[in-house]
Amino acid sequence: MIAIHDLVKKYGPFTAVDGVSLDVSAGEIHGFLGPNGAGKTTTIRIVAGLLKPTSGRVMIDGHDLAQAPEAAKASLGFIPDRPFLYEKLTAGEFLRFHGGLYGMDGNGIGRRVGEMLELFELTQWEGELVESFSHGMKQRLVMCAAFLHRPRAVVVDEPMVGLDPRGARLIKQVFRAMSAQGVGILMSTHTLEVAEEMCDRISIIQKGRIIARGTVEELRAMAGSSDEQLTPVFLKLTGGGALQEIDELL
Amino acid sequence: MSSSEQGFPFLLRPALHAARNRARQRERGDLARAAVFGSVGLGVAGALFGVFFWLTWQLLGYAELGDYLVRLGLSWLFLTFLSFLAFSGLVTSLSTFFLSEDLRLLVAAPVRADRLFYSRFSRTVVQASWMVVTFLLPVLLGVGLARCAGALYWAAAALTVAPFVIIPVALGCLMTLVLVNVFPARRARDVLMLMGVLFGVVLVLLLRFLQPERLLRVESLPDITAFFATLQSPVTPLLPSFWAGEVLFTALQGGVDWLHAGALWTTAVALTVLARAAFGRYYFTGWSKAQEARKARFTRLRALERLSALLPVSPAARHLLLKDLKVFLRDTTQWSQLLLLVALMMVYLYNFRVLDLDRIPYMSGVVKNAYAFVNLAMGAFVLSAVAVRFVFPAVSAEGAAFWIVRSSPVSMKAFLWSKFWTGLFPVLGLAEALTLLSNEFLGADPALKWLAGAAIFCMSFALVGLAAGLGAQYPRFQAENVTQVAGSYGGIAYMILAVLFILVETALLAWPASLYMWHRFQALPLSNARMVMMVLSLAAALALSVVTFWLPMRRGVQALEDLGGAPA
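Protein chains in written order, with the working numbering: chain X, -2 to 247; chain B, 21 to 588.
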């Protein structure tokens, strides 16, 4: 569903993403982990079509993002880390607008909007302006929009930021249901428990390069760690062992 | 010493440091902006100084009548500034006391209420009054120098201005406190914004419909008693403007007016103390209300949805248009400016209606036709001013939510063209209405009416295309409001290019048209060579419009497509 080949992004002399390659197959939830500033958000934004790579190729559902951006984007849903929306539209109007951008129009859109709002527990807010929403509600509205046009693949940047436990559980259920329907999901996160619980495979990025990839068990084996939690494995792989010791001392 | 024990000036440090850092930061176009705004500012200050120096100088020759008029003039001047200061204080205090982002930090910190009040109040006074003080300075300088005033006048001026600005701003703060406790702060801002625009509209219409040109006709002048009665009517001894005028006038004569100076200072101090006490009692309740989420009232605009469904365009284009219209119409700060625009249009048309060119019997035909071209240029200039305010910021207005369009399967070309068409139709309607109606009122030649109608059609495409294209090339997604976008480097570049375009275009149209009119009036045939030259000139005007419209749009699309190359 999502295939990234040798992706490079440079800002002047600084290389933010340095030859990243990965693929997310249909129905797979692929975790994208890394310390702050490792290149996760840059990679995600390139896949979403918001940034132009210096080199490399991104394919979405068989469409080259550089050659056929409209076709590639039509198959993709994007959930950014900060839910900036049009504050003066109602939730329902925003979703209809979003659907319109993806070519959805006519009577069908109303039913689909209703389904999405119900799925993300926002039905009673359909007629309210976005400016009166809390951060968590805006985040759920963005997710409604991302799944509205039935994408074949979804890229998510930090899905759990600002969500309460109930919202977080809801999102996990929705992601699992979507993946069961064959949607490929590439998810960047700092919440290792979420990655451990939800992801079929995980790629760890550091200083713009993928340093490890596999299932949680495979990563554990790579790190030579017998810990049950993913956190110590992640710290070992990313060279944060010292941090862990400080953490234990404290 | 901990921050809670620091005096209130400590709380002003972030604003001062931010201002210093902004001044140090260099951005592209800073020099051009500084040069343009600096020259305009200096020009206005110079003109004010010149006018008031000249007036005061002239009045010296009228002995007691002159003195009386200077005294009255000072009271009038301060009265005008008083009303502006009161309104400015109202709007500014809403922002400094209730809507500023840094208030969460300060209210959560162990800062004593009086320190918070005095820091915000001094900030409000400076922000609300700097413009009035800037205008007042050259005026007082002009009056003082014309009267060869002594040190007493300059000291009185300095000591009068301070309490004079504090009084209305303190009243504005108190009024804001009441408003915020009644409405939520953001709703109160909408109410204030609307009040401000209506205030401006009424002022513009009143000034124009008073028909000041009648004063030039001797037969319409009232008798001298009525004249003085009219002048004196709004000057009341209970207003601070009167006190300030009296203090300055006495100082101009070399005396000291302790009574009115005392009234100014005691009122300023008393209002500050009162405001401090009121804020101590009611501020937190109001501030807390401003933080609460609310169900906003807004118009659904269902008619727009039904109308847009009839448009023969793609779903993406329809939904982009619908979104832009809804966002615009639900934002009071946006649509309320249309009221001012309508008022200015009415004044513009009214001017043509009362223009009495038939008083010049032999030349009225020529002057009317020459005016038709001045009118065309003026109409295009109004059009460009509207475009820089409403079309140029269209791309920037997407703000932080631009990711929604950029990550969707809508090309940047389709997006920018949608912005172009959304801007074109209202601007074209406005420009055509202005040009056709004013030419009708003017009584211009029918041929010129047609030419002007066709010309403004082409010029609308060019100026809207230029605005949309340059707006895409120089977007300011982080700008807090559209005024900032219009005043940016790109906005200034747009205005310069627009004025150049209007001048060249008008010249290219006026030359063949005036040649044609001349030959028609003289009943002379046009030579073939001249006709070719005229057609070439008109063709050049058309080509210039096409280039001015097409090129910036192409570059704008390219710039939007290249946005992804910028740092995240």
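Virtual Cβ for every residue (Gly too), placed ideally from N, Cα, C.
For residue i, write down the residues that DSSP places opposite it in a beta bridge.
{"i": "X/LEU183", "result": "X/HIS27, X/VAL152"}
{"i": "X/ALA209", "result": "X/ILE201"}
{"i": "X/ASP61", "result": "X/MET56"}
{"i": "X/LYS6", "result": "X/VAL14"}
{"i": "X/ILE1", "result": "X/LEU19, X/VAL55"}
{"i": "X/LEU126", "result": "X/THR87"}
Can you tell me the Cα-Cα spacing of residue i and residue j, whole angstroms?
{"i": "B/THR352", "j": "B/ALA336", "result": "26 angstroms"}
{"i": "B/ALA488", "j": "B/ALA579", "result": "12 angstroms"}
{"i": "B/ARG540", "j": "B/LEU528", "result": "19 angstroms"}
{"i": "X/ASP15", "j": "X/ALA35", "result": "10 angstroms"}
{"i": "B/SER458", "j": "B/GLY399", "result": "9 angstroms"}
{"i": "B/GLY491", "j": "B/ALA417", "result": "10 angstroms"}
{"i": "B/PHE461", "j": "B/GLU525", "result": "23 angstroms"}
{"i": "X/ARG108", "j": "X/PHE144", "result": "14 angstroms"}
{"i": "B/ALA323", "j": "X/GLY111", "result": "21 angstroms"}
{"i": "X/THR12", "j": "X/LYS204", "result": "8 angstroms"}
{"i": "X/GLY124", "j": "B/ILE186", "result": "44 angstroms"}
{"i": "X/LEU19", "j": "X/ASP197", "result": "14 angstroms"}
{"i": "X/GLY179", "j": "B/GLY576", "result": "39 angstroms"}
{"i": "B/PHE307", "j": "B/SER115", "result": "In the sequence under discussion, the amino acid at residue 307 of chain B is Trp, which differs from the Phe named in the question. Distance between the alpha carbons of B/TRP307 and B/SER115 is about 11 angstroms."}
{"i": "B/ASN201", "j": "B/SER508", "result": "36 angstroms"}
{"i": "B/ILE476", "j": "X/ASP61", "result": "44 angstroms"}
Please classify residue i: does DSSP put it in a helix, a strand, or coil?
{"i": "B/ASP601", "result": "Residue coverage of chain B in this structure runs from 21 to 588, which leaves residue 601 of chain B outside it and unanswerable."}
{"i": "X/PHE117", "result": "coil"}
{"i": "X/PHE75", "result": "strand"}
{"i": "B/LEU364", "result": "helix"}
{"i": "X/ASP20", "result": "strand"}
{"i": "B/ALA390", "result": "helix"}
{"i": "B/PHE520", "result": "Looking at the sequence provided, one finds Leu at residue 520 of chain B rather than Phe. Three-state result, B/LEU520: helix."}
{"i": "B/LYS346", "result": "helix"}
{"i": "X/MET157", "result": "coil"}
{"i": "B/ASP50", "result": "helix"}
{"i": "B/GLN504", "result": "helix"}
{"i": "B/SER404", "result": "helix"}
{"i": "B/VAL238", "result": "Here B/VAL238 scores only 46 on pLDDT, less than 50, and its place in the model is too uncertain to base an answer on."}
{"i": "B/LEU105", "result": "helix"}
{"i": "B/PRO429", "result": "coil"}
So which residues on chain B does residue i lean against when the C-beta distance must stay under 8 angstroms?
{"i": "X/ARG4", "result": "Contrary to the premise, residue 4 of chain X reads as Leu rather than Arg in this sequence. What X/LEU4 touches in chain B: nothing, since even the nearest Cβ is about 13 angstroms away."}
{"i": "X/GLU67", "result": "PRO429, VAL430, SER431"}
{"i": "X/MET101", "result": "PRO335"}
Taking the alpha carbon of residue i as the point to measure from, which residue in the options has its own alpha carbon closest?
{"i": "X/ILE202", "options": "X/THR39, X/GLY179, X/LYS7", "result": "X/THR39"}
{"i": "X/ALA45", "options": "X/GLY74, X/LEU19, X/GLY59", "result": "X/GLY74"}
{"i": "X/LYS7", "options": "X/PRO32, X/ILE43, X/ALA0, X/ILE26", "result": "X/ILE43"}
{"i": "X/LYS135", "options": "X/GLU84, X/THR188, X/LEU62", "result": "X/GLU84"}
{"i": "B/GLN357", "options": "B/THR319, B/ARG322, B/PHE410, B/ALA169", "result": "B/PHE410"}
{"i": "B/VAL402", "options": "B/ARG496, B/GLU452, B/VAL146, B/MET432", "result": "B/GLU452"}
{"i": "X/LEU119", "options": "X/LEU216, X/GLY103, X/ALA0, X/MET140", "result": "X/MET140"}
{"i": "X/PHE91", "options": "B/GLU121, B/LYS343, B/ARG326, B/THR286", "result": "B/LYS343"}
{"i": "X/LEU216", "options": "X/LEU234, X/ILE207, X/ARG206", "result": "X/LEU234"}
{"i": "B/THR180", "options": "B/ARG135, B/LEU94, B/ARG167", "result": "B/LEU94"}
{"i": "B/SER427", "options": "X/VAL153, X/HIS27, X/MET157, X/PRO10", "result": "X/VAL153"}
{"i": "B/LEU105", "options": "B/PHE304, B/SER404, B/CYS193", "result": "B/CYS193"}
{"i": "B/PRO188", "options": "B/LEU544, B/VAL367, B/ALA295", "result": "B/ALA295"}
{"i": "X/PRO80", "options": "X/ALA220, X/MET(-2), X/VAL158", "result": "X/VAL158"}
{"i": "X/PRO10", "options": "X/ILE207, X/VAL17, X/MET(-2), X/THR51", "result": "X/THR51"}
{"i": "B/LEU468", "options": "B/GLY164, B/LEU535, B/GLY265, B/PHE440", "result": "B/LEU535"}
{"i": "B/THR154", "options": "B/GLY66, B/THR270, B/GLY584", "result": "B/GLY66"}
{"i": "B/VAL183", "options": "B/GLY216, B/LEU369, B/THR305, B/VAL267", "result": "Residue identity check: residue 183 of chain B is Pro in the sequence provided, not Val. The candidate whose alpha carbon is nearest that of B/PRO183 is B/VAL267."}
Identify the contact partners of residue i in chain B, using a Cβ-Cβ distance below 7 angstroms as the criterion.
{"i": "X/ALA71", "result": "PRO429"}
{"i": "X/LEU47", "result": "TRP423, ARG426, SER427, GLY584"}
{"i": "X/GLU214", "result": "Neighbours of X/GLU214 on chain B: none; closest Cβ ~33 angstroms, over 7 angstroms."}
{"i": "X/PHE75", "result": "SER427"}
{"i": "X/LYS135", "result": "In chain order: nothing, as chain B lies at least about 11 angstroms away."}
{"i": "X/GLU90", "result": "LYS346"}
What does residue i touch in chain B if you count any residue whose Cβ is under 9 angstroms from its own?
{"i": "X/HIS95", "result": "HIS339, ILE424, SER428"}
Quick one: list the residues of chain X neighbouring residue i, beta-carbon separation under 7 angstroms, in chain order.
{"i": "B/ALA420", "result": "PHE81"}
{"i": "B/ARG350", "result": "LYS85"}
Quick one: which chain X residues come within Cβ less than 9 angstroms of residue i?
{"i": "B/LEU342", "result": "GLU90, ARG93, PHE94, GLY97"}
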